[in-house]
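Sequence order for the protein chains is A and B. Per this note's numbering, the very first residue in the first sequence carries number 1; after that it's consecutive. Per this note's numbering, the very first residue in the second sequence carries number 422; after that it's consecutive.
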Amino acid sequence: MSEPKRWPGRVALVVAKKELLDLVRDWRTLVALVLVPLIILPLLFIALPLFLEGEIEELDSIQLNVVVQLSVADDFPEALDTLLQDANISLLFEQLEPGQGNLSEPGGDEERLRLAVRNGSTHAILRLEETSTNSTESWNYAILHDSTSELSREARGRLLDSISDWEEDIMAANLAEVGLTIDEATNPIRWDGDFTAADVSTAAESAGFVLSMLIPLLIAVWSASAAMQPSIDLTAGERERGTMESLLCTAATRMELLFGKWLAVAIVGSGAVLLQIAIFLAAFSFLLPAGFFGIPELGPVSILSLVLSVILFATSVVAIELALAVRARSVKEAGTTLAPLLMAFIAPALFAQFVNLEGIELWWFAAPVFNVCLAMREALLGINDPVHIAIWASTSVFYAILAVGWASKQFNREDLVESIN
Amino acid sequence: MGAPLLSVRGVSKSFGEVHALQEVSLEFSRGDIVGLVGSNGAGKTTLLRLLCGLYRPTIGDVVHHATDGSEHAVDSVRQNLGVVPESTGLYHRLTAWENIRYHSRLSGVRDSQAWNRTVRLARALDIEDVLHRSTRGFSKGMRQKTALLRALAHDPDLLLLDEPTAGLDVTSARKVRGLVRMLQQEGRTVIYSTHHLAEAEQVCDRIIVIHNGTVRADGSPRDLMQHTDTDSLEEAYVALTLDASREVSDAEVYGWFQRKWIALLSRFTARKQLEIEEVTEDE
Chain A
1 MSEPKRWPGR VALVVAKKEL LDLVRDWRTL VALVLVPLII LPLLFIALPL FLEGEIEELD
61 SIQLNVVVQL SVADDFPEAL DTLLQDANIS LLFEQLEPGQ GNLSEPGGDE ERLRLAVRNG
121 STHAILRLEE TSTNSTESWN YAILHDSTSE LSREARGRLL DSISDWEEDI MAANLAEVGL
181 TIDEATNPIR WDGDFTAADV STAAESAGFV LSMLIPLLIA VWSASAAMQP SIDLTAGERE
241 RGTMESLLCT AATRMELLFG KWLAVAIVGS GAVLLQIAIF LAAFSFLLPA GFFGIPELGP
301 VSILSLVLSV ILFATSVVAI ELALAVRARS VKEAGTTLAP LLMAFIAPAL FAQFVNLEGI
361 ELWWFAAPVF NVCLAMREAL LGINDPVHIA IWASTSVFYA ILAVGWASKQ FNREDLVESI
421 N
Chain B
422 MGAPLLSVRG VSKSFGEVHA LQEVSLEFSR GDIVGLVGSN GAGKTTLLRL LCGLYRPTIG
482 DVVHHATDGS EHAVDSVRQN LGVVPESTGL YHRLTAWENI RYHSRLSGVR DSQAWNRTVR
542 LARALDIEDV LHRSTRGFSK GMRQKTALLR ALAHDPDLLL LDEPTAGLDV TSARKVRGLV
602 RMLQQEGRTV IYSTHHLAEA EQVCDRIIVI HNGTVRADGS PRDLMQHTDT DSLEEAYVAL
662 TLDASREVSD AEVYGWFQRK WIALLSRFTA RKQLEIEEVT EDE
């Protein structure tokens, strides 16, 4: 047989290539890493808002029945009548029974309204009583409704909107008598000009700021979750299926096998994270006004920082997940072990989003997970503090070495050949 | 006897409180076909894993002898080793050839060379037409044969087979035995663990009986029968694997023996003037 070609990394590449082929043929991996983000994110950000919009339109088109109770039957204000007709509300007038404590007490209408809401004949009761004040018009009112009925809640909402508009008309009339408009009376100190025009940041900087609030968290969480399934399949899965023993009997060293597996998981995980971020940004931008999202302008140091932080973080995450998964003798056991680990990545990543970067203490840049999230935030904001970079880069390298060392130790375990079968 | 290939020197292997092998010393020569015979849990798989470097001895050492006389740790010479573990360990999302090619690539063998050798051996095992089929859904026999081809694709000097015919139909088992004989003719060394004494007698020049982690006998089938004063290898095996404490306890022989063993046991105990009080069958 031919002399083996033993250039460094050759065996690891052979392992990675085979693992990628194996993973691509696994429908569970494809569903978890590709199909779910392709379906779930657009569903969440595009289909759900469209669905809710449709539901609101459908609700608006329904005519609702409201009983109006007045102390004097024929003094219903014309302005309110017009507003309620415009709100697609049909009115039925009744005499307000005298002797109520206040208008909000349902009294004898409690049972009646409940039954009426159920059979759809009435959706709410509006009680109105004219009072005497210095205003041109003055009224007390209450709306009786059933909060457990969707249509009754809708009727209450439409009544409140119409009453608010009516109240504004009365206020305008009152203010007109003293020579004021509503705006002059309620808004004596006003912003002059376009609110957004006063922001001196560029579109690119704004984009960097918005992305700095999203991307580090998404990368941290999705890196951890995307690497989980392949990590389990390539380690505990191999043990469970009995393929690990024959693999360990080959001429490849355990470090070569580990590196090959790490490379495969890193490639699959990175691909999945990039796909998820692309779909997320595309779907998210659908919700925002056109032109809201710009492209951040990042300098070479920022780009380098961003890439380095992601690589170091991914190195640690994949190594930790491989190390934990390889200890398990079955896929189920590995899943149980790795699931809580996700929280260990999500919690600090979430916290790191709210840490104030102005005057931040240096130790934040040494804390695991926090350091890379903060590094990504600073990179997207174009902040290139050499002390910060030195701390997070050195600590991340240290954590990555620790994680890889631990994974290597686990991969050299003698009981790796044993499986539940 | 050929040149030395492997030496097991005073090896003991323990897993916590469990002593899987105790003070085992063995020599394997080039061209040997050696059968490791023993019951479940006797220590055969542990010995095979020590021979291929998957386990490290608790005491003692296992060394590989190069042709120039130098000695090496076994895990540094895996290039010359082909292993078929008890669980065949095939990737079911890959085809048979992809499984074989993966292992041969790990050994640095060119695909064309591995393919030529695989086709030749597949013909001998009668599975050349399934090489491009996914191994999902393969029968036990096809899986076992594919695992054998995988272990041989890089042309190793030493082959370690852990119960290669377990669960195989008669025809498949026959093909595997035929392949082992073919390898012997090519001058390769095969260490072959099995439960089947008849098979061991048929295939192996030398049989090592392992029981409760110790080597009870090592020799040709004829040597074993002469040593135990028995007429068949089965009787010899029973004689060799009876615990000493039970042999002298005058009567109590409780066992796990299956029905076919009872007759053998009766004959043996009669010869040794022992009395069987009760035989229970393990469920």
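No residue lacks a Cβ here, since even glycine has one placed at the ideal position from N, Cα and C. Just so we're clear, the structure is a prediction, and the values are computed from it rather than from any experiment.
For residue 551 of chain B, the CB contacts under 7 Å within the same chain, skipping 5 residues up- and downstream, are 517, 563 in chain order. For residue 456 of chain B, the enclosing beta strand (DSSP E) starts and ends at 454-458.
No Cβ-Cβ contact shorter than 8 Å links residue 195 of chain A with residue 12 of chain A. Under the Cβ criterion (8 Å, minimum of three pairs), the stretch 271-289 of chain A does not count as touching the stretch 166-182 of chain A. Per DSSP, reduced to three states, the secondary structure at residue 436 of chain B is strand. Under the Cβ criterion of 8 Å, residue 630 of chain B is not counted among the residues facing chain A. Listed in chain order, the non-local C-beta contacts of residue 77 of chain A below 6 Å within the same chain number zero, local neighbours out to five positions each way being set aside. Looking from the CA of residue 448 of chain B, the closest CA among B/642, B/646, B/636 belongs to B/636. Annotation: Cβ neighbours of residue 417 of chain A in chain B (cutoff 7 Å, chain order): 470, 475. Any Cβ of chain A closer than 8 Å to the Cβ of residue 478 of chain B would place that residue at the interface, and such an atom is absent. Going by DSSP, residue 130 of chain A is part of the beta strand (DSSP E) stretching over 124-130. For residue 504 of chain B and residue 607 of chain B, the gap between their C-alpha atoms comes out near 17 Å.
At a cut-off of 8 Å between C-beta atoms, residue 425 of chain B does not count as an interface residue with respect to chain A.
Residue contact with chain B for residue 25 of chain A: present (Cβ-Cβ distance below 8 Å to some residue of chain B). Closest option to residue 368 of chain A, judged by alpha-carbon separation, among A/317, A/354, A/34: A/317. With respect to chain A, the C-beta atom of residue 565 of chain B has no partner C-beta closer than 8 Å. In the DSSP assignment, residue 141 of chain A falls within the unbroken beta strand (DSSP E) covering 139-144. By the neighbour-count criterion, in which a residue is buried when 16 or more other Cβ atoms sit within 10 angstroms of its Cβ, residue 55 of chain A is exposed. In the DSSP annotation of this structure, the continuous segment of the alpha helix (DSSP H) that includes residue 114 of chain A starts and ends at 109-119. At a Cβ-Cβ threshold of 8 Å, residue 598 of chain B and residue 584 of chain B do not count as neighbours.
In the DSSP assignment, residue 94 of chain A falls within the unbroken beta strand (DSSP E) covering 89-95. Proximity of the stretch 317-329 of chain A to the stretch 215-235 of chain A meets the contact definition, three or more beta-carbon pairs being nearer than 8 Å.
What residue 504 of chain B touches in chain A, judged by beta-carbon distance under 7 Å, is 246, 249, going in chain order. Taken through DSSP and simplified to helix, strand or coil, residue 425 of chain B comes out as strand. A distance of 8 Å or more separates the beta carbons of residue 96 of chain A and residue 124 of chain A.
When the Cα atoms are used, residue 471 of chain B and residue 418 of chain A turn out to be separated by approximately 14 Å. Counted as a single uninterrupted DSSP element, the alpha helix (DSSP H) harbouring residue 562 of chain B occupies residues 561-573.
In this chain, the alpha helix (DSSP H) harbouring residue 405 of chain A covers 386-411. Excluding sequence positions up to five before and after residue 216 of chain A, its CB lies within less than 6 Å of the CB of 373, 376, 377, all in the same chain and listed in chain order. Pairing residue 322 of chain A with residue 336 of chain A, the inter-Cα distance amounts to about 14 Å. Contact fails between the stretch 433-443 of chain B and the stretch 487-506 of chain B, because fewer than three Cβ pairs, one in each stretch, are under 8 Å apart. Taken in chain order, the members of the stretch 512-546 of chain B whose beta-carbon sits within less than 7 Å of a beta-carbon on chain A are 512, 514, 515, 523, 524, 526, 527, 528, 529, 530, 531, 534. Per the coordinates, the alpha-carbon of residue 529 of chain B lies some 14 Å from the alpha-carbon of residue 257 of chain A. Residues of chain A with a Cβ closer than 8 Å to the Cβ of residue 510 of chain B are, in chain order, 241, 242, 243, 244, 245, 246, 247. Considering only A/155, A/116, A/170, A/152, the residue with the shortest C-alpha distance to residue 133 of chain A is A/170. One thing to note: residue 390 of chain A has its Cβ no nearer than 8 Å to the Cβ of residue 16 of chain A.
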